[in-house]
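The structure appears right after this line, and notes come after that.
Right, here's the structure in full:
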C-alpha cells in the first residue's frame, strides 16, 4: 500500500483489527486481575471474587492467547520482523534499495511478491513448508539471542528451485525464454541446476561477503 | 497452613502469573520482534496454563473443604 492513497471507507486490515482487539483485551484483563486481587480476602473467597477470578484468570486470557498467537504468527513473517535482527539489516537494506539490481531487490521494488517477501522466498510451499519455516525461524531466534552464529550469514542449505518455480514454473515468459531450453527444465525441477546459477546473487550483501 | 489463606495465596499467585502472561502478550502486539513472540509462546502460555491449574486447584480445595467433592 506504500505510496497509494487508501480507498474511501478504509477501515483497516484484519490484522489491524486483531491487533487492536488484542490490546484492548490485554488492558481489560489487567484491570480485571487488579479487581480480583483487591477483592480477595484472607478469610476466604466470596462469590463475586470467584466470578472475577473465573473471567480474569480463566476466560479473558483465552481470548488474549488466541489473538496474540494469530497476530504473532502473522507478524513473524513480515519483512519488518526479519529485519528486526541486526544481522539481517544489510539484506533488508538491499531489498528496499530501488537502485539495487539484486534478485531480491528486483522482486521487492516491482512487487513481484506483494508482501512478506523474505518469508515467501525462504519457505517451501504447503503446510510442511510453513511448519518447517516456523521451526527454522525459532532456531534463528535462539541462535541470534545466544549469539551462536557467524558473520557473514550464509543460507543453511542450497536454495531450493521449487521456491522460484512455484511462481515462475507455469509462466509463459519462463517456459518460452531462450535461456530455459526444454531439455534443461527437468534439471531445474530436481535442483541439478540452480536458478541462482544464472540469476544470482539473490542479495547484494552475499556478493559483498563473497568478494571479501 | 490456614486453609482459606492457603487458597488465597494460590489464587494470588495465579493472578500474578496471568498478569505476566498479559504483559508478554502485550509485547507481541506492540513490538514486531520474533523474540517477543517466542517468549510469549514458550514462557507466557505455560504461565497461563499454570495459572489456570492453580485456579482449578483452589476451586477443588474449596469444594473439598465444603465436603461437596
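Residue numbers (my numbering), protein chains in the order written: chain D, 28 to 239; chain Y, 3 to 71.
Beta carbons: idealized from backbone N, C-alpha and C, even for Gly.
What residues of chain Y sit near residue 103 of chain D, judged by a beta carbon separation below 7 Å? 36 and 39
Closer than 9 Å at the beta carbon, the chain D residues around residue 17 of chain Y: 60, 61, 63, 64, 67, 80, 83 and 84
Simplified DSSP assignment, three categories, for residue 138 of chain D: If DSSP states are grouped into helix, strand and coil, residue 138 of chain D belongs with coil.
With a 10 Å radius around its C-beta and 16 neighbouring C-beta atoms as the bar for buried, classify residue 25 of chain Y as buried or exposed. exposed
Give the interface partners of residue 123 of chain D over in chain Y, defined as CB-CB distance under 7 Å, in chain order. Those within 7 Å of residue 123 of chain D in chain Y number zero; the least Cβ separation is about 16 Å.
Check whether the region 136 to 143 of chain D and the region 9 to 19 of chain Y are in contact - that is, three or more C-beta pairs closer than 8 Å. no
Count the other CB atoms, across all protein chains shown, that sit within 10 Å of the CB of residue 65 of chain Y; report buried if there are 16 or more and exposed otherwise. exposed
Would DSSP call residue 143 of chain D helix, strand or coil? coil
Take residue 30 of chain Y as the anchor and find which of Y:54, Y:18, Y:46 and Y:16 has the nearest alpha-carbon. Y:46
Thinking just about the alpha-carbon of each residue, which of Y:69, Y:56, Y:61 and Y:63 is nearest to the one in residue 20 of chain Y? Y:56
Chain-ordered neighbours of residue 174 of chain D on chain Y, where CB pairs are closer than 9 Å: Going along chain Y, no residue has its Cβ under 9 Å from residue 174 of chain D, so there is no contact; the nearest lies around 13 Å.
Along the alpha helix (DSSP H) that carries residue 159 of chain D, what are the first and last residues, could you check? 153 to 173
Span of the alpha helix (DSSP H), counted from its first residue to its last, around residue 65 of chain D: 41 to 66
DSSP three-state label for residue 194 of chain D, please. helix
According to DSSP, is residue 79 of chain D helix, strand or coil? helix
Tell me whether the region 76 to 96 of chain D and the region 190 to 197 of chain D touch, counting them as touching only if at least three CB pairs, one residue from each stretch, are closer than 8 Å. Short answer: they don't touch.
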